[in-house]
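Chains as they are written, first to last, in our numbering: chain A, 2 to 110; chain B, 111 to 225.
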């Protein structure tokens, strides 16, 4: 069974802080998605990674294929970044996603 | 830019009733996925379709069925609804090429409440 584990489950930060959320995944996952979900809301795709590093605005995502580990970084965090961030693995044998438990991020002003 | 459109946004049904959820993928996307997210839970994969054929099947109850039509939109049909079916149902679409799903995009979800 493919597994995705992320940490921490909850994260509280002060505005302006640098934030890191980590994700580990098992064999059988070929790509890693980072997603954002607001309370009661839909899911927004932030990044899809199969190697290296991607950057979009204040968000940076990295992946280490050998270690089966990915990180999502938020620079200069802002209260509007408060949301649940989810790491999801895309299976090698198909396209279904296996979701991590999510990280509830709260950024205080 | 066009996104994945789901309808309805909210749906309230009674036990044992039926419900139909619709998903319209991004233009030119050929694959549709359905996920179920119960209260406080991670989304769980239900089923997917590629080029109108079922491509993968997850934890979809036998009471549920789905299909993808010629215009690539998909419908999830749910019968004999139970209280436990109350959840947020997400649809996602992608373009499948060379063994990889590109442009994975989620809809806003349909919140189903069974009373």
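C-beta: ideal position from N, C-alpha, C; glycine also.
**Prompt:** Tell me which same chain residues have a C-beta within less than 6 Å of the C-beta of residue 236/B, skipping the five on either side of it?
**Reply:** Because chain B in this structure spans residues 111 to 225, residue 236/B falls outside the shown range and cannot be described.
**Message:** For residue 70/A and residue 190/B, what's the separation of their Cα atoms in angstroms?
**Reply:** Position 69 of the first chain, counted from the first residue, corresponds to residue 70/A. Position 80 of the second chain, counted from the first residue, corresponds to residue 190/B. Using only the alpha carbons, I get a separation of about 42 Å.
**Message:** So, with DSSP's three-state summary, where would you put residue 191/B?
**Reply:** The residue given as residue 191/B occupies position 81 in the second chain. In this structure, residue 191/B counts as coil in the three-state DSSP scheme.
**Request:** Kindly indicate which three-state DSSP category residue 221/B falls into: helix, strand or coil?
**Result:** On the second chain, residue 221/B is found 111 positions in, with the first residue counted as 1. Strand, per DSSP.
**Prompt:** Is it the case that the Cβ atoms of residue 94/A and residue 29/A are separated by a distance below 9 Å?
**Reply:** If you number the first chain from 1, residue 94/A lands on position 93. If you number the first chain from 1, residue 29/A lands on position 28. In this structure, residue 29/A lies closer than 9 Å to residue 94/A by Cβ.
**Item:** Own chain residues within Cβ distance below 6 Å of residue 193/B, not counting five before or after
**Value:** Stepping through the second chain from its first residue, residue 193/B is reached at position 83. 224, listed in sequence order.
**Message:** Does chain B have any CB closer than 9 Å to the CB of residue 32/A?
**Reply:** What you label residue 32/A is simply residue 31 of the first chain in a count that begins at 1. It does; some Cβ of chain B falls within 9 Å.
**Asked** Since residue 132/B and residue 185/B are thought to touch, with beta carbons under 8 Å apart, how far apart are those beta carbons, to the nearest angstrom?
**Response** By 1-based counting over the second chain, the position of residue 132/B is 22. By 1-based counting over the second chain, the position of residue 185/B is 75. Confirmed, Cβ separation roughly 5 Å.
**Prompt:** Of all the CB atoms in chain A, is at least one closer than 9 Å to the CB of residue 221/B?
**Reply:** Looking up residue 221/B in the second chain gives position 111. Yes - at least one Cβ of chain A is within 9 Å of the one on residue 221/B.
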